[in-house]
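Per the UniProt record's numbering, residue 1 is the first one in the sequence shown, and the count goes up by one each step.
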Amino acid sequence: MSEIENTPNDNQQPITQSWFTSWFDSPYYHILYKERNYREAQLFMDTLTHYLNLPEKAKVLDLACGKGRHSIYLNQLGFDVLGADLSENSIAEASKNNNATLHFEVHDMREPFDKKYDAIFNLFTSFGYFENEADNLTTLKAIKESLTEYGFAVIDFMNVNQVIDTLVPEETKTVDAIVFHIKRYLKDGHIYKEIDFEDNGQQFHFTEKVRALTLADFQQMMDEAGIYLLDIFGDYKLKKFHKTDSERLILIFK
């Protein structure tokens, strides 16, 4: 359920990939989510960088950057930005926008970086994907190790309580003439999204699987990682977090 297996030839052993390795590297991922509200995301970046009072030309890491749209905007705000993502296809596309203060690289978020950053952003629920629970803690430790002494990190995660309460079990969405059939459910502490569709006569199936991490879960991991949680917000305007009805869980720490 959580993994996608590639079919080997006679001389190969089966290759098993994590679901996020296959799905995020697929062009269909970007097709399905092409209508995301990027203006809202830019306003969030404006609000967040203002709140953090980042210095001019601060070094910012956009961790799990995808094709780099938000890295590009952060760079336009005047920051020296590195966008990092596990998807080689996404980084290849993002790298077309490279300049003197904007770069992209393929990187596993479980590994710390060689350089230190004034701010590290992990945005739009790009956390909690790993099959091994310990990898979530490993990622937090890597973020901590990659911050400067006075740097800030931000994790923008879903508010699990609100998501579960409003979960839409089944949905059909048509994008670029492709009909995506989507099923959502909670199982074994994870929120699943099953995605089925047909394109050019071929059937496709992908699975998204995200750990249903609550504020208490993050607090426990952060305590273990030696991270100091500074603030908790519930939406992109940085309003107070409410357990039952906030849209987001935004954690600011150092």
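Using N, Cα and C, we set each Cβ at its ideal position, and we do this for glycine too.
For M222, the secondary structure class from DSSP, reduced to helix, strand or coil, is helix.
Its chain contains S146 as the residues whose beta carbon lies nearer than 6 Å to that of F113, once the 5 sequence neighbours on both sides are disregarded; these appear in chain order. With fewer than 16 other Cβ atoms inside 10 Å of its own Cβ, H242 counts as exposed. Contact check for V81 and S95: beta-carbon distance about 13 Å, past the 8 Å limit, so the pair fails to qualify. If you draw a straight line from the Cα of F233 to the Cα of M222, it is about 16 Å long. When S87, E131, E40 and C65 are compared, the shortest CA-CA separation from V210 is found for E131. Annotation: the continuous beta strand (DSSP E) that includes I232 extends over L229 to F233. In this model, D135 and Y129 are separated by some 9 Å (Cα to Cα). DSSP places K141 in the uninterrupted alpha helix (DSSP H) bounded by A134 to E145.
Spatial neighbours of E93 in its own chain (CB-CB distance under 7 Å, excluding positions within 5 residues in sequence) are listed in chain order as K67. With 16 or more neighbouring CB atoms inside 10 Å of its own CB, G83 falls in the buried class.
Within the same chain, and ignoring the five residues on either side of Y185 in sequence, the residues whose Cβ sits closer than 6 Å to its Cβ are Y192. Sixteen is the threshold: when 16 or more other Cβ atoms of the shown chains lie within 10 Å of the Cβ of Y117, as they do, the residue is buried.
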